[in-house]
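Worksheet: the structure to be examined is printed underneath.
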Amino acid sequence: MSAKTDTRKIKTRETITVDKLSSSTKRLDIGFEVEVGDPKDHQIGDLVVVRTLTDNAHYNRLELRSGRMARIKVHDVLLGVLGKRRALKGFVGDVPAKLQTGDKLHLLNLGGLIGRCSGRFHGLGRPIQVEFLGSVVRNGKPLNIQQAALEPHPENVDFPPLIIVAGTAMNSGKTQVITEVIKQFTRNGYKVSGAKLTGVAAQRDLLNMEDHGAVETLSFLDCGFPSTVGIDDIGPLTRTILHHLNKNNPDIVAIELGDGLLGDYNVANLFDHDDIRRACAAMILCAGNFVGALGGIHVLREKYMPVNIVSGPCTDSKMGVKFIKKQFALPSANAINDGERLFELVQTQIEQWRNG
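Following the numbering used here, the numbering of the sequence shown begins with 275 at its first residue and continues without gaps.
The structure is reproduced here in structure tokens:
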């Protein structure tokens with residue numbers, strides 16, 4: 275879907291004052307008073323107004339447009355975005371084909387993704403239930419995040435050197451690795467940009483990259499997608515993001531691939547593209563254990579993308595580093611306790627890539 279092809283018509287029913295604006299709406303110029311209506315159908319990326327009906331002691335924060343985290347209270351009126359999620363350690367949900375005022379939905383993530391929950395990680399409890407109050411209207415049409423997306427640039431991109439960090443699953447150490455890489459390269463005089471190409475909309479990881487030195491960051495949300503569930507080919511959005519980041523002339527771009535290599539976020543499909551594989555100067559795999567490392571290496575090998583460095587919890591001790599070298603003939607480094615070695619390994623890979 276794109277703003278250019280959206281021919282839906284919608285009449286304003288009322289104006290609603292919103293208490294909190296979620297970060298998934300960040301690219302749109304919008305305030306706390308919004309006009310809402312009732313379109314005949316709804317699409318992923320539509321802005322919606324909801325009222326919270328329940329609480330969740332474990333998952334009760336909303337990331338605001340500023341990146342700050344705000345406590346959600348029962349009866350808060352939130353501005354969110356319709357989207358899908360497939361989290362192994364979070365919530366699973368979809369966008370209903372039809373919605374009416376008063377329908378019950380759920381808050382699927384901290385970035386303000388709204389959908390109907392169909393599964394959850396037991397450790398989080400039940401997701402916050404919300405009441406659908408209406409779709410946001412602007413100029414007689416439903417407001418969708420695609421309308422503020424980056425200008426597409428899907429072909430002929432001049433790629434800077436890419437450092438790509440992928441993992442075997444959620445919570446496999448990817449964010450720790452990518453931020454340490456950015457910090458170390460920034461300290462050593464490199465101009466680094468950051469990107470997150472897969473996952474679900476939230477600014478936390480991008481802001482973390484900026485906190486560690488990234489001069490600019492972008493994600494799939496900037497391309498008008500609340501998540502990468504259902505996007506079979508993330509190549510075009512990758513080229514769009516890299517084209518726009520390249521305008522700032524970074525020395526390198528550090529890329530985090532959210533979630534795991536296998537799953538509904540379509541992470542591994544990135545490596546179906548020859549131009550993206552060729553631009554990867556360093557491929558870092560994060561794994562929680564040795565079996566996961568073996569599986570990740572195998573998945574990437576099937577995509578003709580060799581792993582250059584292993585990191586994550588499987589490198590938490592020197593025993594892990596030694597085992598990885600012996601078993602897989604690969605160097606490894608832990609981002610928490612050996613950031614300088616991680617930098618040296620990545621820098622060596624970039625030099626080898628440049629000498630190609």
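The beta-carbon is built from N, C-alpha and C at its ideal position, and this holds for glycine as well.
Which residue from L559, L519, H517 and G532 puts its Cα closest to that of S501?
Within the sequence shown, the letter at position 227 stands for residue 501. Nearest option by C-alpha distance: G532.
Which residue wins for smallest C-alpha separation from L407, given the options A555, I346, E288 and D525?
In the sequence shown, residue 407 corresponds to position 133, counting from 1. Here the closest residue by C-alpha is E288.
Candidates L373, A555, T291 and K599: which alpha carbon is nearest P435's?
Position 161 of the sequence shown holds residue 435. Comparing Cα positions, the closest option is A555.
Report the option in P510, H517 and V455 whose CA atom is closest to the CA atom of I437.
Numbered from 1 along the sequence shown, position 163 holds the residue referred to as residue 437. Nearest option by C-alpha distance: V455.
Name the residue from N582, N430, T442 and L544 whose alpha carbon lies nearest to the alpha carbon of Q626.
By one-based count along the sequence shown, residue 626 stands at place 352. Looking at the Cα atoms, N582 is the closest of the given residues.
Could you give the DSSP three-state label for R690: helix, strand or coil?
Past the edges of the chain, shown from 275 to 630, lies residue 690, and the structure says nothing about it.
H396 to D485, Cα distance in whole Å?
Within the sequence shown, the letter at position 122 stands for residue 396. Within the sequence shown, the letter at position 211 stands for residue 485. Approximately 32 Å, taken between the alpha carbons.
Is it the case that the Cβ atoms of V620 and I529 are separated by a distance below 9 Å?
By one-based count along the sequence shown, residue 620 stands at place 346. By one-based count along the sequence shown, residue 529 stands at place 255. Taking 9 Å as the Cβ cut-off, V620 and I529 do not qualify as a contacting pair.
Whole angstroms is fine: what's the gap from P605's alpha carbon to P428's?
Here residue 605 refers to the residue found at position 331 when the sequence shown is read from its first residue. Here residue 428 refers to the residue found at position 154 when the sequence shown is read from its first residue. Distance between the alpha carbons of P605 and P428: 34 Å.
With three or more C-beta pairs closer than 8 Å as the rule, is the segment 459-473 touching the segment 380-394?
no
R325, enclosing beta strand (DSSP E) - first and last residue
What you label residue 325 is simply residue 51 of the sequence shown in a count that begins at 1. Its beta strand (DSSP E) spans residues L321 to T326.
If you follow the beta strand (DSSP E) that V355 is in, where does it begin and where does it stop?
Taking the sequence shown and counting its residues from 1, the one referred to as residue 355 is at position 81. First-last of the beta strand (DSSP E) with V355: V351 to L356.
Here's the rule I'm using: 16 or more other beta-carbon atoms within 10 Å means buried, otherwise exposed. How should D432 be labelled?
Looking up residue 432 in the sequence shown gives position 158. Answer is exposed; the Cβ neighbour count stays below 16.
How close, in whole Å, do the beta carbons of A443 and L362 come, if the pair is a contact with beta carbons under 8 Å?
Indexing the sequence shown from 1 puts residue 443 at position 169. Indexing the sequence shown from 1 puts residue 362 at position 88. Right, the Cβ-Cβ distance comes to about 6 Å (below 8 Å), so this counts as a contact.
What number of angstroms, rounded off, separates the C-alpha of M275 from the C-alpha of Q421?
Along the sequence shown, one-based indexing puts residue 275 at 1. Along the sequence shown, one-based indexing puts residue 421 at 147. With a pLDDT of only 39 at M275, under 50, the local geometry of the prediction cannot be trusted, and no value is derived from it.
If you run the structure through DSSP and keep just helix, strand and coil, what is R628?
In the sequence shown, counting from the first residue as 1, residue 628 sits at position 354. Reduced to three states, the DSSP call for R628 is helix.
Check whether the segment 575-595 and the segment 445-453 touch, using three or more Cβ-Cβ pairs below 8 Å as the test.
yes
DSSP three-state call for V489: helix, strand or coil?
Locating residue 489 in the sequence shown gives position 215, counting from the first residue. Reduced to three states, the DSSP call for V489 is coil.
Length at least 4, wholly inside the segment 385-445: the alpha helix (DSSP H) runs in chain order
none
Spell out the partners DSSP gives H518 in its beta bridges.
Stepping through the sequence shown from its first residue, residue 518 is reached at position 244. In the DSSP output, where bridge partners are listed per residue, H518 has none listed.
Sequence ranges, alpha helix (DSSP H) only - wholly within the segment 495-542, length at least 4:
509-520
On the DSSP bridge assignment, give the partners of D368 in chain order.
Against the sequence shown, residue 368 aligns to sequence position 94. BP columns for D368 point to R390.
G319 and G357 look like a contact to me (Cβ under 8 Å); what is the Cβ gap, rounded to whole Å?
Translated into the one-based positions of the sequence shown, residue 319 becomes position 45. Translated into the one-based positions of the sequence shown, residue 357 becomes position 83. Correct: roughly 7 Å between the Cβ atoms.
Whether G509 touches D538 by CB criterion (9 Å):
Within the sequence shown, numbered from 1, the residue matching residue 509 stands at position 235. Within the sequence shown, numbered from 1, the residue matching residue 538 stands at position 264. No, Cβ-Cβ distance for G509 and D538 is not below 9 Å.
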